[in-house]
Amino acid sequence: MKKYFLTVYDKSGGKLLDETIQAADDRQAKELGEKRLLEEQFNERTHRLTSPSGALLLFHR
166 MKKYFLTVYD
176 KSGGKLLDET
186 IQAADDRQAK
196 ELGEKRLLEE
206 QFNERTHRLT
216 SPSGALLLFH
226 R
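Going by the numbering used here, the first residue of the sequence shown is number 166, and it counts up by one from there.
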């Protein structure tokens, strides 16, 4: 399992959510990240999901 990083920001740049997601691959991490954003109703907030190598898998501004 790899560690992916999900971060959600408020309008002033403060962190609303800063979590690590364990996933087997990028596809699974993206699915888990999207699910988590919907659970917390953060899907329309500024957010990003990055892979262990730094690749940007999800981004919304």
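For glycine and all other residues, C-beta sits at the position ideal for the given N, C-alpha and C. Remember, it's a predicted structure, so these values are computed and weren't measured experimentally.
When the distance is taken between beta carbons, is residue j closer than 8 Å to residue i?
i	j	result
residue 213	residue 203	no
residue 188	residue 197	yes
residue 205	residue 223	no
For residue i, is the classification buried or exposed, using 16 other Cβ atoms within 10 angstroms of its Cβ as the cut-off for buried?
i	result
residue 171	buried
Report the option in the options whose CA atom is closest to the CA atom of residue i.
i	options	result
residue 180	223, 216, 211, 219	211
residue 190	219, 225, 168, 226	168
Helix, strand or coil: how does DSSP classify residue i here?
i	result
residue 183	strand
residue 210	coil
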